[in-house]
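A.B. asks: One structure coming up, written as structure tokens, with questions to follow.
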Amino acid sequence: MVRCIMQAYYRHLFALHFCGRTASVENPNPPPAVRLELGGGGGWRGYSSWPPEESSPLTLFLGAGGARHHSSQGSAAAGAAAGEEEVWSYVYDASDPTPSIGGPSFNGFNAGVKLMRPLEWRKDVLTFDLTPPLTEDVVVVGEVTANMLFSSDLPTADLLVKLCDVDAWGISRNVAEGYVRVLLTDDSPTPVRVVMATAYKFSKGHRIRALLCSGAHPRIARNLGVTDKEWECVQGRKGIMRIHSAVGKMRSSMTLPICQGGFFDLELDQFGVPLAHPR
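Residue 0 is where the sequence shown starts when you use numbering that gives the first Met the number 0, and the numbers rise one by one after that.
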């Protein structure tokens, strides 16, 4: 019985992907090109392309009039007046690097969705609430882009950005993350672009949070803060990392691909293959 079901399943996939079958009398609706399951309990979805054409960018700014910064004790930091630059800083120490918690990893004990509270209470981590409690569900599908104005007193530094979901009880969990290592010529702000991809539903009453730090040890090799003869360095340097809210017309921000409509709900057939039904 199981063998017959598996054979039928493979025949179904072969006809679908290799024989060009896009519709039939039994299922006149052609299947979507992209199938995925939304995190946050959003169920299966299908889209005509990746990134979805139905998504529209929403840019959220850090600083005055935008995202609120929270200290490790959870209280909101004093904001500058509109139009003024805000600078948030933390000290990164290569001898005590920020640990890796959750996210993409081959370590099954420390991969996937984890609680972010241990990271958020560290002094070498910045957190920003990008939104107040949501008044409706928000679906984010596609590439999330973090454009940060970043500076340091070290010649090289890392920037890791996590997109997090904060529920109604204030519990924060990771959704997606991106990482980049940059070379800094001086102590002036440098535009840094961090890209990550996700498919996630932020539920009503939840908040969208950004977490910024400069390490994910041991998953990402620690940055020792040197550019010459790194292989001879036996002790890393300690440096000050800064995030600037604005420099001239440039502002630190995060852009989310909001995809509220234009998708398909997917149901599974008897072989576990999603069926497409246009909404």
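C-beta: ideal position from N, C-alpha, C; glycine also.
Quick caveat: nothing in here was measured; it's all calculated off a predicted structure.
Considering only C-alpha positions, which residue in the set 216, 242, 241 and 178 is nearest to residue 106?
C.D. replies: 216
A.B. asks: What are the start and end residues of the beta strand (DSSP E) that includes residue 121?
C.D. replies: Note, residue 121: premise wrong, no beta strand (DSSP E); not H, not E.
A.B. asks: How far does the beta strand (DSSP E) with residue 164 in it extend, from its first residue to its last?
C.D. replies: 155-165
A.B. asks: With a cut-off of 8 angstroms on the beta carbons, I'd call residue 97 and residue 214 a contact; round off their distance for me.
C.D. replies: 4 angstroms
A.B. asks: Whose CA, out of 94, 126, 156 and 99, lies closest to the CA of residue 113?
C.D. replies: 99
A.B. asks: Does the Cβ-Cβ distance between residue 174 and residue 128 come in under 9 angstroms?
C.D. replies: No, these two residues do not count as a Cβ contact at 9 angstroms.
A.B. asks: Can you name the start and end residues of the beta strand (DSSP E) that residue 137 belongs to?
C.D. replies: 137-151
A.B. asks: Quick check on DSSP: helix, strand or coil for residue 208?
C.D. replies: DSSP places residue 208 in strand when its eight states are reduced to three.
A.B. asks: Start and end of the beta strand (DSSP E) containing residue 187?
C.D. replies: Neither: residue 187 is in no beta strand (DSSP E) and is coded neither H nor E.
A.B. asks: Tell me whether the beta-carbon of residue 246 lies closer than 9 angstroms to the beta-carbon of residue 154.
C.D. replies: no
A.B. asks: Three or more C-beta pairs closer than 8 angstroms, one from the segment 247-258 and one from the segment 48-57: is that the case here?
C.D. replies: When C-beta atoms of the segment 247-258 are compared with those of the segment 48-57, three or more pairs fall below 8 angstroms, so the two segments count as touching.
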